[in-house]
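Asker: Submitted below is the structure of interest, expressed as structure tokens.
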């Protein structure tokens with residue numbers, strides 16, 4: 001209450017003082033502008049200035065409020081567009097999961113510009129276009145994905161590589177993967193796709209070089225990695241043998257094949273498929289003696305039915321030495337049917353017809369084998385035993401072709 005009285009007293013005093021000043025001297029203000037002339041006293045002029053200031057302030061406040069309404073309206077419209085984009089994205093992803101590529105492409109591509117996650121929209125839409133065979137549209141969507149999200153080069157590149165791989169455009173896919181590997185050298189999926197592309201292109205040297213990286217990243221299960229490595233080295237030996245076989249004259253040599261064997265990892269030097277591939281290429285180049293030495297060394301360390309059968313058909317310059325070596329193995333494996341077949345073939349090479357027949361018959365006692373039957377039948381035919389040969393060969397054919405039980409004429 002006291003404060004109110006004090007304020008009223010001060011205001012009354014100021015009003016009285018101001019009134020005395022106005023009465024004592026009102027002053028004079030004259031403003032001229034073109035044909036306009038304004039004459040008044042100082043106090044009225046001051047009041048007009050104050051009122052003008054208040055008016056401008058009110059106008060400015062009204063303008064700001066109007067602009068604020070426009071901003072709110074824009075924000076509301078933007079939020080409504082984002083919500084609509086989210087709904088379309090969800091519906092599009094559901095259609096994508098259901099395999100409805102056409103509907104998914106329409107929904108995802110329309111929602112992408114206003115989506116909170118345009119990268120996902122564009123990448124999924126590109127996959128849909130791919131499934132529909134619209135390759136140009138898929139590429140356009142991938143470019144839009146790259147522009148929509150900075151730093152998404154790897155994600156877009158991996159998707160592009162997978163689409164190119166599905167189109168069987170291996171060279172373009174390889175180019176994309178090489179670019180990605182420069183950005184992310186140990187990216188698991190990039191390495192896996194590189195391995196698949198190198199195998200499809202039969203680029204065995206590059207595939208062999210990629211194996212250590214695949215092993216480090218563990219992107220491929222160990223068993224599959226070993227199979228991949230095996231195929232890579234088999235392919236490499238076959239490709240090298242093919243290249244060397246095309247050479248003519250003095251330039252033709254098996255030395256590159258020898259160097260390739262020296263570079264072979266130790267755990268593959270006893271692998272049946274790899275050793276067999278290498279041996280066949282040496283034989284192809286006329287280096288059967290080298291192949292025999294390799295096979296003999298491998299078989300000493302690890303016995304293999306596949307490789308011992310291969311040993312029996314090597315056209316070496318010393319078939320007698322081969323026969324002696326195989327007979328030494330027989331002391332440890334007297335009932336091995338594959339070794340007995342090999343011994344029979346080695347006897348043929350040494351023109352020991354009777355012993356060859358004995359080995360073939362011994363092999364058949366251990367295991368009935370179509371290949372052994374054909375060998376015995378062929379030998380009997382050349383020995384002038386047509387009836388025995390016919391009987392054995394019919395038996396072999398009967399093993400390979402199952403005929404129904406039907407009546408036959410008697411003799």
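In UniProt numbering, the protein residues as written are 1 to 411. Using N, Cα and C, we set each Cβ at its ideal position, and we do this for glycine too. This one's a predicted model, so the numbers in the text were calculated from it and none came from an experiment.
1. How many Å lie between residue 374 and residue 358 at the Cα?
2. Looking at the structure shown, is residue 206 part of a helix, part of a strand, or coil, going by DSSP?
3. Residues in the same chain with beta-carbon distance under 7 Å from residue 233, minus the five sequence neighbours each way, listed in chain order, please.
4. Count the other C-beta atoms from every protein chain shown that fall within 10 angstroms of the C-beta of residue 370, then say buried if there are 16 or more, exposed otherwise.
5. Where do the ends of the alpha helix (DSSP H) carrying residue 260 lie?
6. With DSSP collapsed to three states, give me the class of residue 220.
7. With a threshold of 16 other CB atoms inside 10 Å of the CB of residue 390, please say whether the residue is buried or exposed.
8. Quick check: the Cα distance between residue 325 and residue 292, rounded to an integer number of angstroms?
9. Once DSSP output is grouped into helix, strand and coil, what is the label at residue 394?
10. Measuring only between beta-carbons, confirm whether residue 165 sits less than 7 Å from chain B.
11. Expressed to the nearest angstrom, what Euclidean distance is found between the alpha-carbon atoms of residue 319 and residue 333?
12. Suppose you measure from the CA of residue 303 to the CA of residue 327; what does that come to, to the nearest Å?
13. Measure from the alpha carbon of residue 312 to the alpha carbon of each residue in 284, 349, 108, then state which is nearest.
14. Check each candidate in 91, 382, 290, 142 and name the one with the smallest Cα separation from residue 119.
15. Given a cut-off of 7 Å on the beta-carbon distance, is the pair residue 103 and residue 95 in contact?
16. For residue 278 versus residue 237, is the C-beta spacing smaller than 7 Å?
17. On the premise that residue 217 lies in contact with residue 191, defined as a C-beta separation below 8 Å, what is that separation, rounded to the nearest angstrom?
18. Indicate the three-state DSSP secondary structure (helix, strand or coil) for residue 69 in the structure shown.
19. Please confirm whether residue 137 and residue 124 have their CB atoms less than 7 Å apart.
20. Work out the CA separation of residue 86 and residue 162 for me, nearest whole Å.
Answerer: Reading it off the structure:
1. For the purposes of this step, residue 374 is identified with residue 374 of the chain shown, where counting begins at 1. For the purposes of this step, residue 358 is identified with residue 358 of the chain shown, where counting begins at 1. One C-alpha to the other measures close to 14 Å.
2. Taking the chain shown and counting its residues from 1, the one referred to as residue 206 is at position 206. Residue 206 falls in the helix class under three-state DSSP.
3. Mapped onto the chain shown, residue 233 falls at position 233. Correct list, in chain order: 208, 264, 268, 274.
4. Translated into the one-based positions of the chain shown, residue 370 becomes position 370. With fewer than 16 Cβ atoms within 10 Å of its Cβ, residue 370 is classed as exposed.
5. Along the chain shown, one-based indexing puts residue 260 at 260. Here the alpha helix (DSSP H) through residue 260 covers 255-263.
6. Locating residue 220 in the chain shown gives position 220, counting from the first residue. Here residue 220 sits in coil by DSSP.
7. The residue labelled residue 390 in the question sits at position 390 within the chain shown. Classification for residue 390: exposed.
8. Translated into the one-based positions of the chain shown, residue 325 becomes position 325. Translated into the one-based positions of the chain shown, residue 292 becomes position 292. Their Cα atoms are separated by approximately 11 Å.
9. The count along the chain shown starts at 1 and reaches residue 394 at position 394. Helix.
10. Any reference to chain B falls outside this structure, which holds one protein chain only.
11. Translated into positions along the chain shown, residue 319 becomes position 319. Translated into positions along the chain shown, residue 333 becomes position 333. Those two C-alpha atoms are separated by around 21 Å.
12. For the purposes of this step, residue 303 is taken as the residue at position 303 of the chain shown. For the purposes of this step, residue 327 is taken as the residue at position 327 of the chain shown. Spanning the two alpha carbons is a distance of roughly 15 Å.
13. To locate residue 312, count along the chain shown from 1; it is residue 312. Nearest of 284, 349, 108 to residue 312, Cα basis: 349.
14. Numbered from 1 along the chain shown, position 119 holds the residue referred to as residue 119. Nearest C-alpha to residue 119: 142.
15. Along the chain shown, one-based indexing puts residue 103 at 103. Along the chain shown, one-based indexing puts residue 95 at 95. Their beta carbons are under 7 Å apart, which means residue 103 touches residue 95 by this criterion.
16. For this step, residue 278 is matched to residue 278 along the chain shown. For this step, residue 237 is matched to residue 237 along the chain shown. Contact: yes.
17. Position 191 of the chain shown, counted from the start, is the residue given in the question as residue 191. Position 217 of the chain shown, counted from the start, is the residue given in the question as residue 217. Sure, about 6 Å apart at Cβ, within 8 Å.
18. Start at 1 with the first residue of the chain shown, and residue 69 comes out as number 69. With a pLDDT of 48 at residue 69, under the threshold of 50, the modelled position of that residue is not reliable, and the figure given next carries that caveat. Correct three-state label for residue 69: helix.
19. For the purposes of this step, residue 137 is taken as the residue at position 137 of the chain shown. For the purposes of this step, residue 124 is taken as the residue at position 124 of the chain shown. No, these two residues do not count as a Cβ contact at 7 Å.
20. Here residue 162 corresponds to residue number 162 of the chain shown, with the count starting at 1. Here residue 86 corresponds to residue number 86 of the chain shown, with the count starting at 1. Those two C-alpha atoms are separated by around 27 Å.
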